[in-house]
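For the sequence shown, the residue numbers in our numbering are 217 to 405.
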Amino acid sequence: MRDENLHKISELADRTVTDPVTANILLCYMMHKTAQELDADLLYDIAVTSGIINYFAFQDALQTMEETGAVTCQQKDGVKFYFLTEKGIDTAERLHYLAGKSYREHITEIAQTAVRRRKNEEQVKLSYETLPQGCHLHVKIIDHELILLELTLFTPDEYQARLLGDKILTHPSVVYHEILRAVMPEQEQ
C-alpha cells in the first residue's frame, strides 16, 4: 500500500490529483500547514483552483474526511468551517513520508498564499474600470477604516489589470512600502 501511495504522489508534480484517497491526504496536509480553520470555498481555492486536486476528487475527499472523522465542521454566520482532528493530523503527517520536500513546500506555499490573500481581501479593495483603450485598476489599502493608499493604475487591458490586482492582493504591504521607499529619500525615512 505504501509503495502504491508513494508512486501516486511522486507523479503529482506534473498532474492534477484525481484519486480521492490521495486528495484526502493532500487536503489534510494543506489544512495542517495553514494551522487554522478553513471554509469550503477557501479549501476549494487552495486545492482545485490552483490545479492540485481535481474537482470530483476534492468533493469525494472532503466528504470522506467528514465521515471518517479527519475533520470536524462548525457553522459560523452560515459558513461551514473545517477543523483538523488528531486523525486528520496523522493523515497529514503521512505526506511527509510519501512525497518529496519540494512537493510538500509547493503545496504549503499555495495554501499559505491563498490564506494570506483571503485575509488581505478585507484590507485591499480592488476595482476595474474598462476604458475605450485600456483599463484602470483602482486600489485602496485600508487599515481599520483608515485609508493608507488610494491609487489608480492604467493598464493596456483588463487582463493585465487583473494580473496586477492579483499581485497587489497577495502582497499589499510590500506595494505600500515600495511606493513610500520610491518617493522618499533614504535620509527622510
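Built from N, CA and C at the ideal position, the CB exists for glycine as well.
Whether residue i touches residue j by CB criterion (7 Å)
i	j	result
GLU374	TYR344	yes
PHE297	GLU253	yes
THR232	ASN270	yes
Enclosing alpha helix (DSSP H) for residue i [first to last residue]
i	result
VAL331	317-336
THR301	Here THR301 belongs to no alpha helix (DSSP H), and DSSP marks it neither H nor E.
GLN290	GLN290 -> not in any alpha helix (DSSP H); beta strand (DSSP E) instead, spanning 287-292.
GLU282	271-284
ARG231	That residue, ARG231, is in no alpha helix (DSSP H); it is neither H nor E in DSSP.
THR265	Neither: THR265 is in no alpha helix (DSSP H) and is coded neither H nor E.
GLN252	GLN252 -> no alpha helix (DSSP H), and no H or E assigned at all.
Contacting residues, own chain, Cβ-Cβ under 8 Å from residue i (five flanking each side not counted)
i	result
LEU258	ALA330, VAL331, ARG334
HIS248	LEU300, GLY304, ILE305, ALA308, GLU309
LEU243	LEU259, ALA263, ILE269, PHE274, ALA277, LEU278, MET281
Host beta strand (DSSP E) of residue i (start-end)
i	result
HIS354	350-359
THR346	340-347
THR368	362-371
CA-to-CA distance, residue j to residue i, given in whole angstroms
i	j	result
ALA256	GLN279	11 Å
LEU369	HIS352	5 Å
ILE305	VAL287	9 Å
LEU362	LYS356	10 Å
LEU364	LEU347	26 Å
THR371	THR265	25 Å
VAL399	TYR313	49 Å
GLN291	ASP382	29 Å
TYR392	GLY285	43 Å
PRO401	GLU325	34 Å
Close Cβ partners of residue i (< 7 Å) along its chain, the five nearest in sequence each way excluded
i	result
PRO236	ALA273, ASP276, ALA277, THR280
HIS387	none
ASP359	GLN339
Cβ distance (whole Å) where residue i is taken to contact residue j below 8 Å
i	j	result
ILE323	ILE268	7 Å
LEU379	VAL340	With 8 Å as the limit, LEU379 and VAL340 do not qualify as a contact, their Cβ atoms being about 15 Å apart.
ILE262	ALA327	5 Å
CYS289	GLU282	6 Å
LEU311	TYR245	4 Å
Contacting residues, own chain, Cβ-Cβ under 6 Å from residue i (five flanking each side not counted)
i	result
ASP293	none
Distance cut-off 6 Å: residue i Cβ against heavy atoms of the ligand FAD
i	result
LEU278	Inclusion of the ligand FAD in the displayed structure is not the case, the ligand content being empty and no account of it being possible.
Min CB distance residue i to chain C below 7 Å
i	result
LEU396	The question asks about chain C, but that chain is absent: this structure has only one protein chain.
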